[in-house]
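Participant:
Number of protein chains: 2
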Amino acid sequence: MVQATALPRNEAGIETVIGVLKQRFGDRLQTSAAIREQHGHTTTWIENQSPDAVVFPHTTQEVSDIVKTCAAHRVPVIPFGTGTSLEGHVNAPAGGISVDLMQMDKVLAVHAEDLDCVVQPGVTREALNTHLRDQGLFFPIDPGANASLGGMAATRASGTNAVRYGTMKDNVLSLEAVMPDGQIIRTGRRAKKSSAGYDLARLLIGAEGTLGIITELTLRLQGIPEAISSARCSFPTVDAACRAVMMTIQYGIPVARIEFLDEMSVQAANAYSGLSLPETPLLLLEFHGSESGAVEQAETFGQIAEEFGGTDFAATSTTEERNKLWQARHDMYWACLQLRPGARGISTDVCVPISRLAECVTETQQKAADLGLLAPMVGHVGDGNFHTLLLIDMENADEVAKAEEFVGWLNDMAISMEGTCTGEHGIGQGKQLYLIKELGAATKYMAAIKAALDPENIMNPGKILSDVT
Amino acid sequence: MVQATALPRNEAGIETVIGVLKQRFGDRLQTSAAIREQHGHTTTWIENQSPDAVVFPHTTQEVSDIVKTCAAHRVPVIPFGTGTSLEGHVNAPAGGISVDLMQMDKVLAVHAEDLDCVVQPGVTREALNTHLRDQGLFFPIDPGANASLGGMAATRASGTNAVRYGTMKDNVLSLEAVMPDGQIIRTGRRAKKSSAGYDLARLLIGAEGTLGIITELTLRLQGIPEAISSARCSFPTVDAACRAVMMTIQYGIPVARIEFLDEMSVQAANAYSGLSLPETPLLLLEFHGSESGAVEQAETFGQIAEEFGGTDFAATSTTEERNKLWQARHDMYWACLQLRPGARGISTDVCVPISRLAECVTETQQKAADLGLLAPMVGHVGDGNFHTLLLIDMENADEVAKAEEFVGWLNDMAISMEGTCTGEHGIGQGKQLYLIKELGAATKYMAAIKAALDPENIMNPGKILSDVT
Numbered sequence: 030m031v032q033a034t035a036l037p038r039n040e041a042g043i044e045t046v047i048g049v050l051k052q053r054f055g056d057r058l059q060t061s062a063a064i065r066e067q068h069g070h071t072t073t074w075i076e077n078q079s080p081d082a083v084v085f086p087h088t089t090q091e092v093s094d095i096v097k098t099c100a101a102h103r104v105p106v107i108p109f110g111t112g113t114s115l116e117g118h119v120n121a122p123a124g125g126i127s128v129d130l131m132q133m134d135k136v137l138a139v140h141a142e143d144l145d146c147v148v149q150p151g152v153t154r155e156a157l158n159t160h161l162r163d164q165g166l167f168f169p170i171d172p173g174a175n176a177s178l179g180g181m182a183a184t185r186a187s188g189t190n191a192v193r194y195g196t197m198k199d200n201v202l203s204l205e206a207v208m209p210d211g212q213i214i215r216t217g218r219r220a221k222k223s224s225a226g227y228d229l230a231r232l233l234i235g236a237e238g239t240l241g242i243i244t245e246l247t248l249r250l251q252g253i254p255e256a257i258s259s260a261r262c263s264f265p266t267v268d269a270a271c272r273a274v275m276m277t278i279q280y281g282i283p284v285a286r287i288e289f290l291d292e293m294s295v296q297a298a299n300a301y302s303g304l305s306l307p308e309t310p311l312l313l314l315e316f317h318g319s320e321s322g323a324v325e326q327a328e329t330f331g332q333i334a335e336e337f338g339g340t341d342f343a344a345t346s347t348t349e350e351r352n353k354l355w356q357a358r359h360d361m362y363w364a365c366l367q368l369r370p371g372a373r374g375i376s377t378d379v380c381v382p383i384s385r386l387a388e389c390v391t392e393t394q395q396k397a398a399d400l401g402l403l404a405p406m407v408g409h410v411g412d413g414n415f416h417t418l419l420l421i422d423m424e425n426a427d428e429v430a431k432a433e434e435f436v437g438w439l440n441d442m443a444i445s446m447e448g449t450c451t452g453e454h455g456i457g458q459g460k461q462l463y464l465i466k467e468l469g470a471a472t473k474y475m476a477a478i479k480a481a482l483d484p485e486n487i488m489n490p491g492k493i494l495s496d497v498t
Numbered sequence: 030m031v032q033a034t035a036l037p038r039n040e041a042g043i044e045t046v047i048g049v050l051k052q053r054f055g056d057r058l059q060t061s062a063a064i065r066e067q068h069g070h071t072t073t074w075i076e077n078q079s080p081d082a083v084v085f086p087h088t089t090q091e092v093s094d095i096v097k098t099c100a101a102h103r104v105p106v107i108p109f110g111t112g113t114s115l116e117g118h119v120n121a122p123a124g125g126i127s128v129d130l131m132q133m134d135k136v137l138a139v140h141a142e143d144l145d146c147v148v149q150p151g152v153t154r155e156a157l158n159t160h161l162r163d164q165g166l167f168f169p170i171d172p173g174a175n176a177s178l179g180g181m182a183a184t185r186a187s188g189t190n191a192v193r194y195g196t197m198k199d200n201v202l203s204l205e206a207v208m209p210d211g212q213i214i215r216t217g218r219r220a221k222k223s224s225a226g227y228d229l230a231r232l233l234i235g236a237e238g239t240l241g242i243i244t245e246l247t248l249r250l251q252g253i254p255e256a257i258s259s260a261r262c263s264f265p266t267v268d269a270a271c272r273a274v275m276m277t278i279q280y281g282i283p284v285a286r287i288e289f290l291d292e293m294s295v296q297a298a299n300a301y302s303g304l305s306l307p308e309t310p311l312l313l314l315e316f317h318g319s320e321s322g323a324v325e326q327a328e329t330f331g332q333i334a335e336e337f338g339g340t341d342f343a344a345t346s347t348t349e350e351r352n353k354l355w356q357a358r359h360d361m362y363w364a365c366l367q368l369r370p371g372a373r374g375i376s377t378d379v380c381v382p383i384s385r386l387a388e389c390v391t392e393t394q395q396k397a398a399d400l401g402l403l404a405p406m407v408g409h410v411g412d413g414n415f416h417t418l419l420l421i422d423m424e425n426a427d428e429v430a431k432a433e434e435f436v437g438w439l440n441d442m443a444i445s446m447e448g449t450c451t452g453e454h455g456i457g458q459g460k461q462l463y464l465i466k467e468l469g470a471a472t473k474y475m476a477a478i479k480a481a482l483d484p485e486n487i488m489n490p491g492k493i494l495s496d497v498t
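Written out as structure tokens, the structure is:
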């Protein structure tokens, strides 16, 4: 495990708050070791720092009351959704109360005529899409995991569909939130756009729970397209695949998804999902449009792919074939783990301008090889975003050190290419030093905002900014 | 004129700062009455509050030095672009220094392969699009006026293309800004997306210069579509036109523009632009896509229009006809003024959920009629955003009072329909009370952010938040 910095604990305050909340919430406040551990960090290699108690509110008013109680005693509050984040966002380095929002799981309204809906933060993206399907609507953001919508907003999530539909920042019309003093606010209304004051919604989106707890989201929806088709194409080199992506985006083909798998990932997918893809760099695509539009997009992409030496191009609009392909893509984490049974998977995340993507991916493959690390790569390459899944024997200190070197090197390289140290995973505990490298003086103003809105630093302390001085 | 609140002046500080800046900038600091007045509010009915001097920097470092000088003496700094804003954004209620950014007008880089560019804030949208045309690229945001890109970001501008391409908040990748203490920051990099820390770009976009001065913008670009076609269609009633819009959006037709003109606006356009459109509610549309895609979109819209009693449907893909139609749309302000020569045009701005649009527009027409006001309406109706241009005799106190009543009534109604008091014009001096009505407690946190980043309140004081207590 990688050590996470512990922060001073307010023992007396924590004890008092647990007593007060126990009175109020009864069995909806839990302090068992198992539940507490489940609400600390449980993914990747950052050590688990469990909260002291977990509370399960049902209403915004209850969240407000919890925060007010914690604020009165200066006890940390850590918002919790599905716990799928990868950089230690849900850890409790100073202890405190985890606020598990998963019982606030109602779809409050669907306004089909306005293409929006209002949901509680514990609704997952799959639950929402199941709810919407009969009305011919869907919510496009898909970060892979079946995450909660509150958590997705808090971490500015994106994923495979972002190339067409944007990220959470583009798909939230308005938020309701409980601020660090317990006040309930709304950041906006249901209008599709507004110039009314500072954009507090965009400030809370990606703030990782450090400025407030999201208690309700008004989301922009899409009509389910008339036609959806998929395609895959193999390429001789990483460079050829990335150039085909760049040309596709420049041509303005409105691809809904354009995903990259490197050789090693294709091997893993073949073995795990029973496929027989050529074991060279692969692109998987999805097209949304009218019947003729989706076909036209696939054809145009096919021509581009050919120009760059693409082979085994196959397009399909049958649901079964399409699902098989995308299931394999969604299962990549598990497929890659099978490349080295017993290893831990450490998922990294960087994003670079698309013109630098080929170079960045190629050098990353070389660096992993030089260090002797097993590191299959997948990417949401239409945005220049890719992940390496390091397969690490955590008992081998030398290997862990090499993996840390690799992650540092990769973040530095992405920043040197005018990219970012995180396209979608966020900063949490794991990337604070890279945030400073990336944005320098700007982080001081982030810290000033944090201090203004949360002067006692009770909202998810130790995340994003604790290294800013 | 409508009175704007004056704020206490720091006479000694202003005098000192003008002396210091005169030394440094010579003729690039101007204090003549004509230039000062030109840099106060010159549109609509808010009175002009001129700055004490206007300075014309050429570099970010010069902007930083100006702000540092003003900060040292607690003198207001008012950023200035083309001065086209409508709610008093550029007024100087406490005096101070207007920083005219129009000489920072260079396109610094175009990254065609990444579909982005880097510009100084004084580049106008027309200048940028002229610069980009040869490369087959364009920047889609079009607020009507040939505004500066820095000003467009500062006011979160949008306009006719927003229904497809979003607003300024969606099309800025990153900003460079001079903060209230004079520090230069960058909010992000050139990656298409990022989860690295608080979204300072989105905080500065729409902050109307109250949190810092934008000195450089990295903008997302689009490829010029293969095909562009236009259509127009007349409708028997406002309700029918609005329902056709709603259905078009629900169908997912990716219209690039869908603009509404009410009967009175059509009359004005016919007279001013020599057209012979039926004088009933009108929709003007533009479609972007492949050759077949643009045709398909127009056909699908034609079918929808027919369902709602649309008549005189005419689609065209010839550039000349298209330009004539859109020129007429762009000239609406001048066309409407001709409905009552000598009157002043007061442009209002609200935005509601599209399901409420028909009701909102109809009631607004009725209210204007009840008050005896001449008030043609146009709207970016795909977003639920519309404007009424009140034609007012400013010498007639009773009429001015009725116009004020109308504006207040309209803002209240938009808010009561879950809409916003401003879709794109911003708050400035004119809409502060409506901002509070719309967002309530949230404005306190806006004020806390303002106080944290600009404790001396030197950045464009008296805008957005001065009524928040």
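Just so you know, the sequences run in chain order D and Y. Residue numbers for the first sequence follow our numbering, beginning at 30 and rising by one. Residue numbers for the second sequence follow our numbering, beginning at 30 and rising by one. Virtual Cβ for every residue (Gly too), placed ideally from N, Cα, C.
Provide the residue span of the beta strand (DSSP E) that contains L418/Y, from first to last.
Facilitator: Residues 414 to 421.
Participant: Take R358/D and list the residues in its own chain whose beta-carbon comes closer than 7 Å to its own, dropping the five residues that flank it on each side.
Facilitator: Cβ neighbours of R358/D beyond the five flanking positions: E288, L313.
Participant: CB-CB under 7 Å to Q212/Y, same chain, minus the five flanking residues each way: which ones, in chain order?
Facilitator: There are no such residues.
Participant: Who are the Cβ neighbours of M423/Y in its own chain at under 6 Å, not counting the five residues just before and after it?
Facilitator: So the list reads R373, once near-sequence residues are dropped.
Participant: Determine the DSSP secondary structure at D378/Y, reduced to helix, strand or coil.
Facilitator: Coil at D378/Y, not helix or strand.
Participant: Let me see if you follow: with CB-CB separation under 9 Å, is S319/D close to chain Y or not?
Facilitator: Yes, its Cβ sits closer than 9 Å to a Cβ of chain Y.
Participant: What's the call for D378/D, buried or exposed, on a 16-neighbour Cβ count within 10 Å?
Facilitator: It is buried - the Cβ of D378/D has at least 16 other Cβ atoms within 10 Å.
Participant: Once the 5 residues before and after A156/Y are set aside, which same chain residues still bring their CB inside 6 Å of it?
Facilitator: Taken in chain order, the list of residues that qualify is empty.
Participant: Measure the C-alpha to C-alpha separation of G195/Y and H68/D and round it to an integer number of angstroms.
Facilitator: Approximately 38 Å between the Cα atoms of the pair.
Participant: Check whether chain Y comes within 9 Å of Q90/D, counting only Cβ atoms and requiring the distance to be less than that.
Facilitator: Chain Y contact via Cβ: absent.
Participant: Which word fits G303/D, buried or exposed, when buried means at least 16 other C-beta atoms lie within 10 angstroms of its C-beta?
Facilitator: The residue is exposed, with fewer than 16 neighbouring Cβ atoms inside 10 Å.
Participant: Between which two residues does the alpha helix (DSSP H) carrying R231/Y extend?
Facilitator: Segment 229 to 233, the alpha helix (DSSP H) holding R231/Y.
Participant: Output needed in chain order: residues of the segment 447 to 469 of chain D with a Cβ under 7 Å from some Cβ in chain Y.
Facilitator: Listed in sequence order: E447, G448, T449, C450, T451, G452, E453, H454, G455, I456, L464, E467, L468.
Participant: How would you write the range of the beta strand (DSSP E) that E303/Y sits in, first residue to last?
Facilitator: A small correction: the amino acid at residue 303/Y is Gly; Glu does not occupy that position in the sequence shown. Taken as a continuous stretch (DSSP letters only), G303/Y belongs to no beta strand (DSSP E), as it is neither H nor E.
Participant: Using the Cα positions of Q326/Y and V284/Y, report the straight-line distance between them to the nearest angstrom.
Facilitator: Rounded to the nearest angstrom, the two C-alpha atoms are 8 Å apart.
Participant: Looking at chain Y, is there any beta carbon in it that lies within less than 9 Å of the beta carbon of T184/D?
Facilitator: Cβ-Cβ to chain Y under 9 Å: yes for T184/D.
Participant: Would you please verify whether the beta carbon of R373/Y is less than 9 Å from any beta carbon of chain D?
Facilitator: Cβ-Cβ to chain D under 9 Å: no for R373/Y.
Participant: May I ask you to list, following chain order, the residues of the segment 203 to 231 of chain Y that have a beta carbon less than 8 Å from some beta carbon of chain D?
Facilitator: Result list: M208, Q212, I213, I214, R215, T216, G217, R218, R219, A220, K221, K222, S223, S224, A225, G226, Y227, D228, L229, R231.
Participant: Got a sec? Which residues, its chain only, sit under 7 Å from Y301/Y by beta carbon, not counting five neighbours each side?
Facilitator: So the list reads D360, W363, A364, Q367, once near-sequence residues are dropped.
Participant: Can you list the residues of chain Y that T196/D reaches, using a CB-CB cut of under 7 Å?
Facilitator: Correct list: K222.
Participant: Any beta carbon from chain Y within less than 9 Å of K396/D's own beta carbon?
Facilitator: No, because no Cβ of chain Y sits closer than 9 Å to the Cβ of K396/D.
Participant: If you reduce the DSSP assignment to three classes, tell me which class C262/Y lands in.
Facilitator: In the structure shown, C262/Y sits in a strand (DSSP, three-state: E or B).
Participant: I need the boundaries of the beta strand (DSSP E) containing I126/D, first residue and last residue.
Facilitator: I126/D -> beta strand (DSSP E) spans 126 to 129.
Participant: Only counting runs of 4 or more residues, tell me where the alpha helix (DSSP H) segments fall wholly within the segment 70 to 114 of chain Y, in order along the chain.
Facilitator: For the segment 70 to 114 of chain Y, whole alpha helix (DSSP H) runs of length 4 or above, ordered along the chain, are 89 to 101.
Participant: Does DSSP classify L464/Y as helix, strand or coil?
Facilitator: If DSSP states are grouped into helix, strand and coil, L464/Y belongs with the helices.
Participant: Let me see if you follow: with CB-CB separation under 9 Å, is C146/Y close to chain D or not?
Facilitator: By this cut-off, C146/Y is not an interface position.
Participant: If we cut at 9 Å on Cβ distances, does T472/D have a partner in chain Y?
Facilitator: With 9 Å as the cut-off, T472/D counts as an interface residue toward chain Y.
Participant: Is it right to say N175/Y is buried, meaning 16 or more other beta carbons lie within 10 angstroms of its own, or is it exposed?
Facilitator: Classification for N175/Y: exposed.
Participant: Against chain D, with Cβ distances strictly below 9 Å, would V83/Y count as a contact?
Facilitator: Not closer than 9 Å to any Cβ of chain D, the Cβ of V83/Y fails to qualify, so no.
Participant: Would H118/D pass as a contact of N486/D if the rule is Cβ separation under 9 Å?
Facilitator: Not a contact, by the Cβ cut-off of 9 Å.
Participant: Return the bridge partner residues of Q251/D from the DSSP annotation.
Facilitator: According to DSSP, Q251/D bridges with F167/D.
Participant: How about M133/Y and P105/Y: do their beta carbons lie closer than 9 Å?
Facilitator: Contact flag unset, no.
Participant: To the nearest angstrom, report how far apart A6/Y and I383/Y are at their CA atoms.
Facilitator: Absent from the structure is residue 6/Y, since the part of chain Y shown begins at 30 and ends at 498.
Participant: Three-state secondary structure (DSSP) at I64/Y?
Facilitator: The answer is helix: DSSP assigns I64/Y an H, G or I state.
Participant: In chain order, what residues of the same chain have a beta carbon less than 6 Å from the beta carbon of L115/D, not counting five sequence neighbours either side?
Facilitator: So the list reads T72, T73, S376, H454, once near-sequence residues are dropped.
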